[in-house]
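Q: Sharing a structure, written as structure tokens. Questions coming.
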Ligand SMILES: NC(=O)c1ccc[n+]([C@@H]2O[C@H](COP(=O)([O-])OP(=O)(O)OC[C@H]3O[C@@H](n4cnc5c(N)ncnc54)[C@H](OP(=O)(O)O)[C@@H]3O)[C@@H](O)[C@H]2O)c1
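Numbering (the UniProt record's numbering), first residue to last: 1 to 347.
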């Protein structure tokens, strides 16, 4: 029998911000644990994801963005993001049971009242939260269902140390690519990417012009581009793309994490004549929208690769809601690696 407290903690937006997101823009408050209606369950959260997209959604005038799995935030709103927790109470009309472990969209709180229809049951005692909440699945969906990686490909992954990027390089290699190049901001992250994630070369965004660095790293050109950044990194990679290159656009952090204001616009100048002559494919892709059916395939493939020691589900872990607001600040400032996950101490 689970003891359900009368109150629990959650994180709310304190005030709108523009410019860098700071922990002080949020407050952790104590609030009554919600009661349940029909087809709802109460979930005690164990882990939740911390996403840089919160920066975009916490700005005044933010709008719903298809592909960002939570709505714009107003001051006073509780943050949300993917979470895993244990069902501790069920309302009438649901087949879920107390004790079930579920994946759902209402993180950033100790207890969540969730429509049962938004819960995905997780089987098995040994759950790796990075497999379920991380963006390995986004990278996998993009590389399996969005574009094709072929044996011998040279691949460029922008934001290659990030939540998606840290997985995309490894998965591209497992799918047959032979040379993997990533981008990041610092020499320390570049070393980590080469030593831990197996990148063959890393270009840095605060170093020499990115086009020069990329040409040196990929003298024969690039076959596959997995782009999370946009801007000059995308332009440079397309500039040296090879005949038949494939480019999948997954995100635009140069706009989302723009130092002055987060924006939904990421314009870039491209030489389209050259892209036509080289038969380059460019595809915008959302894993949730374009390949949701690949999620279960990812979970099973990730377990197989993990058991064989062939993949690292890289993550930065923090403990508790207070630490989570600081981790969000650090993630947006480019100080963290892999997917950022919070673990709740009370659970
Ligand atoms: N299409 C989909 O299905 C899908 C799903 C989820 C997320 N997304 C989107 O994909 C993008 C990446 O998501 P993510 O969670 O993996 O984020 P992420 O790459 O972990 O983003 C954080 C990283 O962005 C880099 N960065 C920060 N400011 C930058 C700037 N001004 N210019 C270039 N890089 C900067 C930093 O890395 P370095 O310090 O290493 O440069 C930072 O650590 C986001 O735009 C997100 O909305 C798409």
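A virtual CB, placed ideally from N, CA and C, is assigned to each residue, including glycine.
If you're wondering where the values come from, they're calculated on a predicted model, not measured in any experiment.
Check the C-beta distance from residue 197 over to residue 169 and give it rounded, since I have them as a contact under 8 Å.
A: Contact flag correct, Cβ pair sits at about 6 Å.
Q: Where are the beta strand (DSSP E) runs, 3 residues long or more, that stay fully inside the region 179 to 213, in chain order?
A: DSSP runs (the beta strand (DSSP E)) wholly in the region 179 to 213: 179 to 184, 201 to 204.
Q: With 16 as the cutoff for other CB atoms within 10 Å, does residue 244 come out buried or exposed?
A: So residue 244 counts as exposed.
Q: Reducing DSSP to helix, strand and coil, say where residue 153 ends up.
A: In this structure, residue 153 counts as coil in the three-state DSSP scheme.
Q: Within the present structure, is the beta-carbon of residue 147 separated from the nearest heavy atom of ligand 1 by less than 7 Å?
A: No, Cβ of residue 147 sits at least 7 Å from all heavy atoms of ligand 1.
Q: Determine whether the beta carbon atoms of residue 203 and residue 235 lie at a separation below 8 Å.
A: It is not a contact, given that the beta carbons lie outside the stated cut-off.
Q: Would you identify the three-state DSSP class for residue 347, choosing helix, strand or coil?
A: Because residue 347 sits at a pLDDT of 45, beneath the cut-off of 50, its placement in the model cannot be relied upon, and the following sentence gives the value as read from the coordinates. Residue 347: coil per DSSP, three-state reduction.
Q: Within the continuous alpha helix (DSSP H) that includes residue 136, where are the two ends?
A: Where residue 136 is concerned, the enclosing alpha helix (DSSP H) stretches over 136 to 141.
Q: Short of 7 Å in beta carbon distance, which residues of its chain neighbour residue 159, apart from the five on each side in sequence? Order them along the chain.
A: Correct list, in chain order: 165, 183, 228, 229, 253.
Q: Contact defined as beta carbons within less than 8 Å: I believe residue 339 pairs with residue 133. What is the distance between those atoms, to the nearest angstrom?
A: Between residue 133 and residue 339 the Cβ distance is about 7 Å, and since that is below 8 Å, they are a contact.
Q: Hey, quick one: how far does the alpha helix (DSSP H) through residue 171 stretch, first residue to last?
A: Where residue 171 is concerned, the enclosing alpha helix (DSSP H) stretches over 165 to 174.
Q: Identify every run of the beta strand (DSSP E) within the region 89 to 144, keeping only runs that are complete inside it and at least 3 residues long; order them along the chain.
A: Fully enclosed beta strand (DSSP E) runs of 3 or longer: 101 to 104, 111 to 115, 120 to 122.
Q: Just to confirm, does residue 18 get its C-beta within under 7 Å of one of the non-hydrogen atoms of ligand 1?
A: Checking the Cβ of residue 18 against ligand 1 gives no.
Q: For residue 107, count the other beta carbons within 10 Å of its own beta carbon; 16 or more makes it buried, fewer makes it exposed. Which is it?
A: Result: buried.
Q: Which residue from 195, 148, 315 puts its Cα closest to that of residue 248?
A: Checking every option, the nearest Cα to that of residue 248 belongs to 148.
Q: What are the partner residues of residue 45, as DSSP defines its beta bridges?
A: Its beta-bridge partners are 85.
Q: Taking the C-alpha atoms as reference points, what is the distance between residue 286 and residue 186?
A: Computed Cα separation, rounded: 28 Å.
Q: In the DSSP assignment, the beta strand (DSSP E) including residue 245 goes from what residue to what residue?
A: Run containing residue 245: 241 to 249, per the beta strand (DSSP E) assignment.
Q: If we ignore side chains and look at the alpha-carbon of each, how far apart do residue 225 and residue 102 end up?
A: C-alpha separation (whole angstroms): 34 Å.
Q: Quick check: the Cα distance between residue 8 and residue 2, rounded to an integer number of angstroms?
A: Straight-line Cα distance between these residues: approximately 15 Å.
Q: What did DSSP end up calling residue 321 once you bin it into helix, strand or coil?
A: Reduced to three states, the DSSP call for residue 321 is helix.
Q: Between residue 87 and ligand 1, is there a pair consisting of the residue's CB and a ligand heavy atom that are separated by less than 7 Å?
A: No - ligand 1 has no heavy atom lying nearer than 7 Å to the Cβ of residue 87.
Q: Apart from the five residues on each side of it in sequence, which residues of its chain come closer than 8 Å, Cβ to Cβ, to residue 36?
A: Closer than 8 Å at Cβ, skipping near neighbours: 42, 89, 90, 91, 113.
Q: Can you tell which of 255, 242, 237 has its C-alpha closest to the C-alpha of residue 351?
A: Nothing in the structure corresponds to residue 351, since the chain is present only between 1 and 347.
Q: I believe residue 14 touches residue 105 by the beta-carbon criterion, under 8 Å. Please report the beta-carbon distance rounded to the nearest angstrom.
A: Not a contact, Cβ separation roughly 22 Å.
Q: Quick check: what's the CA-CA separation for residue 218 versus residue 181?
A: Rounded to whole angstroms, residue 218 to residue 181 spans 8 Å at the Cα level.
Q: Near residue 120, what residues of its chain come up, given a Cβ to Cβ distance below 8 Å and the 5 sequence neighbours on each side ignored?
A: Once the five neighbours on either side are set aside, the close Cβ partners of residue 120 are 102, 103, 104.
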